[in-house]
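Trainee: Dropping a structure here in structure tokens format, bear with me for questions.
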Amino acid sequence: MSVLCVSTVSLPVTCSPCEWSPWYDTSFPTLGTPGGDNETYQNIKAAGHKICDVPSQIQCRAEKFPNVSIDNVGQVVQCNLAKGLTCRNEDQSGPLPLCFNYQIRVMCLIPTTTRHVTKTPCQEICFWSKWISADYPEYGPGGGDNESIKSIIQKGYDICDNPVAVECQAVHYPGVPLQQLKQTVTCNKQIGLVCKNILQIPPICLDYEIKVKC
Numbered sequence: 001m002s003v004l005c006v007s008t009v010s011l012p013v014t015c016s017p018c019e020w021s022p023w024y025d026t027s028f029p030t031l032g033t034p035g036g037d038n039e040t041y042q043n044i045k046a047a048g049h050k051i052c053d054v055p056s057q058i059q060c061r062a063e064k065f066p067n068v069s070i071d072n073v074g075q076v077v078q079c080n081l082a083k084g085l086t087c088r089n090e091d092q093s094g095p096l097p098l099c100f101n102y103q104i105r106v107m108c109l110i111p112t113t114t115r116h117v118t119k120t121p122c123q124e125i126c127f128w129s130k131w132i133s134a135d136y137p138e139y140g141p142g143g144g145d146n147e148s149i150k151s152i153i154q155k156g157y158d159i160c161d162n163p164v165a166v167e168c169q170a171v172h173y174p175g176v177p178l179q180q181l182k183q184t185v186t187c188n189k190q191i192g193l194v195c196k197n198i199l200q201i202p203p204i205c206l207d208y209e210i211k212v213k214c
């Protein structure tokens, strides 16, 4: 018996593509203390925007100075990868301590379609051998016909040693059930076929052949 297992293997993705989000500007600086500008992830989501939960990078800028680094705009701000941007009026200097209007964007992993591993169940592929007659009946009380699986393999026939089924018949009576031949024989998948002269009347075995299902 041969066992065939077929599977379609889906290899894991080896890279994680990323992209920058659009610039978010969901709040406008409020006056006074406390006051300021908050472009936190929480506020951005509350405003209805979709933003990834765990961005890999963040960029912050002042709306009026888009090409100036956040470190050079002259204000104290928190541009935090974990939370977003926070600017507090009370942290600013000058006659009118007021935060600029800020914007942020984040880099997120691009969602990819999950590829599933599809496996078909293992299928047993069985086949019948040809009819085999590896022995010829020997005369005498100790004789008979030995078409055992072990003997057939020892004589060089290519059959499995653990078949799932066996069929037996007399060479000269093909298709005739063993019961109708009126001889005492052993025919099973564990042994194969064995016929002993001493069990027959008259005491001579017919010539038998077997085929096995592997």
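Here UniProt numbering is used: position 180 in the sequence shown is 180, and no number is missing along the way. Cβ atoms here follow ideal geometry from the backbone N, Cα and C, with glycine treated the same way.
Give me the Cβ distance between V166 and K130, rounded to the nearest whole Å; I'm assuming they're in contact under 8 Å.
Mentor: Along the sequence shown, read from residue 1 onward, the residue named residue 166 stands at position 166. Along the sequence shown, read from residue 1 onward, the residue named residue 130 stands at position 130. That pair is no contact at about 13 Å.
Trainee: Can you tell which of D145, P29 and G84 has the C-alpha that lies nearest to the C-alpha of K45?
Mentor: Counting from 1 along the sequence shown, the entry for residue 45 is found at position 45. Ranking D145, P29 and G84 by Cα distance to K45 puts G84 first.
Trainee: Given a cut-off of 7 Å on the beta-carbon distance, is the pair E209 and S151 in contact?
Mentor: Within the sequence shown, residue 209 is the residue found at index 209, counting from 1. Within the sequence shown, residue 151 is the residue found at index 151, counting from 1. Cβ distance not < 7 Å, so E209 and S151 don't count as in contact.
Trainee: Counting beta carbon pairs with one atom in the segment 86-93 and one in the segment 46-54, are three or more of them shorter than 8 Å?
Mentor: The answer is no - the segment 86-93 does not touch the segment 46-54, with fewer than three Cβ pairs under 8 Å.
Trainee: Are at least three pairs of beta-carbons, each pair with one atom in the segment 180-197 and one in the segment 140-148, less than 8 Å apart?
Mentor: Touching, per the Cβ criterion.
Trainee: I think E147 touches G192, with their Cβ atoms under 8 Å apart; what is that distance to the nearest whole Å?
Mentor: Position 147 of the sequence shown, counted from the start, is the residue given in the question as residue 147. Position 192 of the sequence shown, counted from the start, is the residue given in the question as residue 192. Indeed, because the Cβ distance is near 6 Å, the residues count as touching under 8 Å.
Trainee: Express the C-alpha separation of K213 and L109 in angstroms, rounding to a whole number.
Mentor: As a first step, residue 109 is located in the sequence shown; it is residue number 109 there, counting from the start. As a first step, residue 213 is located in the sequence shown; it is residue number 213 there, counting from the start. Whole-angstrom Cα-Cα distance: 55 Å.
Trainee: So the candidates are N38, P22 and V185; which of them puts its Cα closest to the Cα of C99?
Mentor: To locate residue 99, count along the sequence shown from 1; it is residue 99. Comparing Cα positions, the closest option is N38.
Trainee: Taking the runs of the beta strand (DSSP E) that are 3 residues or longer, which of them lie wholly in the UniProt domain "WxxW" (128-214)?
Mentor: Runs found: 144-148, 165-170, 185-188, 192-196 and 208-213.
Trainee: Excluding the 5 residues flanking G32 on each side, which residues of the same chain have their C-beta closer than 8 Å to its C-beta?
Mentor: Residue 32 sits at position 32 when you count from the first residue of the sequence shown. Cβ within range, chain order: N89.
Trainee: Put Q92 into one of helix, strand or coil per three-state DSSP.
Mentor: By 1-based counting over the sequence shown, the position of residue 92 is 92. Coil at Q92, not helix or strand.
Trainee: So what does Y41 bridge to, in DSSP terms?
Mentor: Reading the sequence shown from its first residue, position 41 is the one you call residue 41. Beta-bridge pairing links Y41 to no other residue.
Trainee: Starting from L109, follow the beta strand (DSSP E) in both directions and report where the run begins and ends.
Mentor: Here the question's residue 109 lines up with position 109 in the sequence shown. L109 -> beta strand (DSSP E) spans Y102 to L109.
Trainee: Identify whether A46 lies in helix, strand or coil by the three-state DSSP scheme.
Mentor: Taking the first residue of the sequence shown as position 1, residue 46 is located at position 46. Note: A46 maps to helix in three-state DSSP.
Trainee: Determine which residues share a DSSP beta bridge with L31 and list them.
Mentor: What you label residue 31 is simply residue 31 of the sequence shown in a count that begins at 1. In the DSSP output, where bridge partners are listed per residue, L31 has none listed.
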